[in-house]
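K.L.:
Under the UniProt record's numbering, the first residue of the sequence shown is numbered 1, with each subsequent residue one higher.
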Amino acid sequence: MKVGLEGDVCLPENGFAVYRALGGPKEMHAYPRCAHHAGLLWVMPKVADFLDQHLSPEKRDD
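#1: Contact between the segment 7 to 21 and the segment 46 to 55 is defined here as three or more beta-carbon pairs at a separation below 8 Å; is this criterion met?
#2: From the DSSP output, which residues share a beta bridge with residue 26?
#3: Alpha carbon to alpha carbon, how far is residue 29 from residue 1?
#4: For residue 15, does the three-state DSSP call read helix, strand or coil?
#5: Quick check on residue 38: buried or exposed, where buried means 16 or more other Cβ atoms within 10 Å of its Cβ?
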């Protein structure tokens, strides 16, 4: 999850509240001096890596 600490569309405190309520593996990336589209270019590779790590198909024992 990412949050811009200067966000006025989705307030940072709301982003942190959602993060705390989420279950399972999670990561938070907070970007100071950024608003709603905070760190999009920098966070997307991290999102892809997280999804690859946590959503990979399970190995079968056929």
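Don't be surprised by glycine CBs; every beta carbon is placed ideally from N, CA and C.
P.N.:
Short version:
#1: no
#2: Beta-bridge pairing links residue 26 to no other residue.
#3: 6 Å
#4: helix
#5: buried
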